[in-house]
Amino acid sequence: MSAAAEPAAAADPAEVVIRRLRAEHAGEALTVQRAAFVDEARRYRTSEIPPLRETLAELRADIDDPAVIPLGAWLGSRLVGSVRGRVSADRMELARLAVAPDTRGRGIARQLVTALLAEVPARVRVVWLVAGGDSEANLAFYRRVGFRPVGERSDVAGVRLVVLEKPVEPGKPVDSTRVVAAG
127 MSAAAEPAAA
137 ADPAEVVIRR
147 LRAEHAGEAL
157 TVQRAAFVDE
167 ARRYRTSEIP
177 PLRETLAELR
187 ADIDDPAVIP
197 LGAWLGSRLV
207 GSVRGRVSAD
217 RMELARLAVA
227 PDTRGRGIAR
237 QLVTALLAEV
247 PARVRVVWLV
257 AGGDSEANLA
267 FYRRVGFRPV
277 GERSDVAGVR
287 LVVLEKPVEP
297 GKPVDSTRVV
307 AAG
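Residue numbers (this note's numbering): 127 to 309.
Now the structure itself:
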């Protein structure tokens with residue numbers, strides 16, 4: 127994630143609209159993602175981190191993949207954040223959480239995560255993610271929204287990653303934020 131720590135003061139929920147991304151949003155979503163992950167690239171002294179290497183075609187493919195739940199956050203007509211949930215069997219990966227740098231600290235990352243968790247399919251038992259091991263603010267954010275560290279690994283650039291998980295109880299909603307249909 128590159129949403130950094132979010133203070134307690136959140137954006138007015140009426141002003142942020144969360145809805146599914148469509149293929150025509152891919153370019154704007156990629157721009158937000160790249161802007162959001164520049165801080166991570168600087169922190170780890172490499173531009174080889176996957177969110178910066180992802181192509182427009184790859185992002186479009188994710189948006190069109192029925193196993194992916196792609197969500198965006200809009201302030202007015204501007205896309206200011208996005209996240210994707212990749213479902214595989216009874217697990218869902220929370221991936222590419224990104225918030226435009228100039229809109230951080232307004233609760234947008236929390237709203238995106240809450241909305242994604244509200245969309246978890248019934249068969250999913252665990253939501254998991256990876257975050258940079260030196261990204262303390264991001265790790266603290268994920269802990270605040272209920273994720274717990276379960277292990278570590280390295281990515282292709284040699285960056286130490288922390289694997290975090292959040293269990294999902296059968297038949298119990300994870301969170302309750304309404305996602306507006308793509309529009």
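C-beta atoms are modelled at their ideal positions from N, C-alpha and C, and glycine is treated no differently.
Fair warning: this is a prediction, and the values are worked out from it, not measured in the lab.
Quick one: grab the DSSP three-state call for residue 147. On the sequence shown, residue 147 is found 21 positions in, with the first residue counted as 1. Of the three classes helix, strand and coil, the one that applies to residue 147 here is coil, per DSSP.
Taking the alpha helix (DSSP H) that residue 196 belongs to, which residues open and close that run? The residue given as residue 196 occupies position 70 in the sequence shown. Here residue 196 belongs to no alpha helix (DSSP H); instead the beta strand (DSSP E) covers 194-201.
Cβ separation of residue 220 and residue 209, assumed to be a contact under 8 Å, to the nearest whole Å: Working through the sequence shown from its first residue, we reach residue 220 at position 94. Working through the sequence shown from its first residue, we reach residue 209 at position 83. Rounded, the Cβ-Cβ distance is 7 Å, consistent with contact.
Under three-state DSSP, which class holds residue 244? Position 118 of the sequence shown, counted from the first residue, corresponds to residue 244. Helix at residue 244.
Can you tell me which of 214, 272, 169 puts its alpha carbon nearest to the alpha carbon of residue 291? Position 165 of the sequence shown holds residue 291. Answer by Cα proximity: 272.
With DSSP as the reference, please indicate the residues paired to residue 204 in a beta bridge. Numbered from its first residue, the sequence shown carries residue 204 at position 78. Its beta-bridge partners are 201.
In the DSSP output, which residue or residues are listed as bridge partners for residue 280? One-based indexing of the sequence shown puts residue 280 at position 154. Within the DSSP bridge table, the entry for residue 280 names 286 as partners.
Burial state of residue 150, where buried means 16 or more other Cβ atoms lie within 10 Å: Residue numbering aside, residue 150 sits at position 24 when the sequence shown is read from its first letter. Exposed, by the Cβ-count rule.
Please list the terminal residues of the continuous beta strand (DSSP E) segment that includes residue 271. By one-based count along the sequence shown, residue 271 stands at place 145. From DSSP, residue 271 is part of no beta strand (DSSP E); its letter is neither H nor E.
So, with DSSP's three-state summary, where would you put residue 291? As a working note, residue 291 is residue 165 in the sequence shown. Three-state DSSP puts residue 291 in a strand.
Collapsed DSSP secondary structure at residue 153 in the structure displayed: Indexing the sequence shown from 1 puts residue 153 at position 27. Helix at residue 153.
Take residue 191 as the anchor and find which of 153, 148, 233, 231 has the nearest alpha-carbon. Translated into positions along the sequence shown, residue 191 becomes position 65. Closest option to residue 191, Cα to Cα, is 148.
Along the chain, where does the beta strand (DSSP E) containing residue 179 start, and where does it finish? Locating residue 179 in the sequence shown gives position 53, counting from the first residue. It is not in any beta strand (DSSP E) - residue 179 instead sits in the alpha helix (DSSP H) that spans 176-179.
Whole angstroms is fine: what's the gap from residue 285's alpha carbon to residue 174's? Stepping through the sequence shown from its first residue, residue 285 is reached at position 159. Stepping through the sequence shown from its first residue, residue 174 is reached at position 48. Each residue's alpha carbon lies about 9 Å from the other.
Could you give the distance in angstroms between the alpha-carbon of residue 252 and the alpha-carbon of residue 157? Mapped onto the sequence shown, residue 252 falls at position 126. Mapped onto the sequence shown, residue 157 falls at position 31. Distance between the alpha carbons of residue 252 and residue 157 is about 29 Å.
Neighbourhood of residue 152 by C-beta distance below 7 Å, restricted to the same chain and skipping five residues each side: Translated into positions along the sequence shown, residue 152 becomes position 26. Within the same chain, residue 152 has close Cβ partners 182, 185, 186, 189.
Does residue 141 pass the burial test, meaning 16 or more other C-beta atoms within 10 Å, or should it be called exposed? Indexing the sequence shown from 1 puts residue 141 at position 15. Per the 10 Å Cβ criterion, exposed.
Measure the C-alpha to C-alpha separation of residue 135 and residue 164 and round it to an integer number of angstroms. If you number the sequence shown from 1, residue 135 lands on position 9. If you number the sequence shown from 1, residue 164 lands on position 38. Low per-residue confidence applies at residue 135: pLDDT is 44, beneath 50, and the placement is therefore not dependable, though the value from the model is reported in the following sentence. Taking the straight line from one Cα to the other gives about 24 Å.
Could you compute how far the alpha carbon of residue 242 sits from the alpha carbon of residue 197? Here the question's residue 242 lines up with position 116 in the sequence shown. Here the question's residue 197 lines up with position 71 in the sequence shown. If you take the alpha carbons of residue 242 and residue 197, they lie about 7 Å apart.
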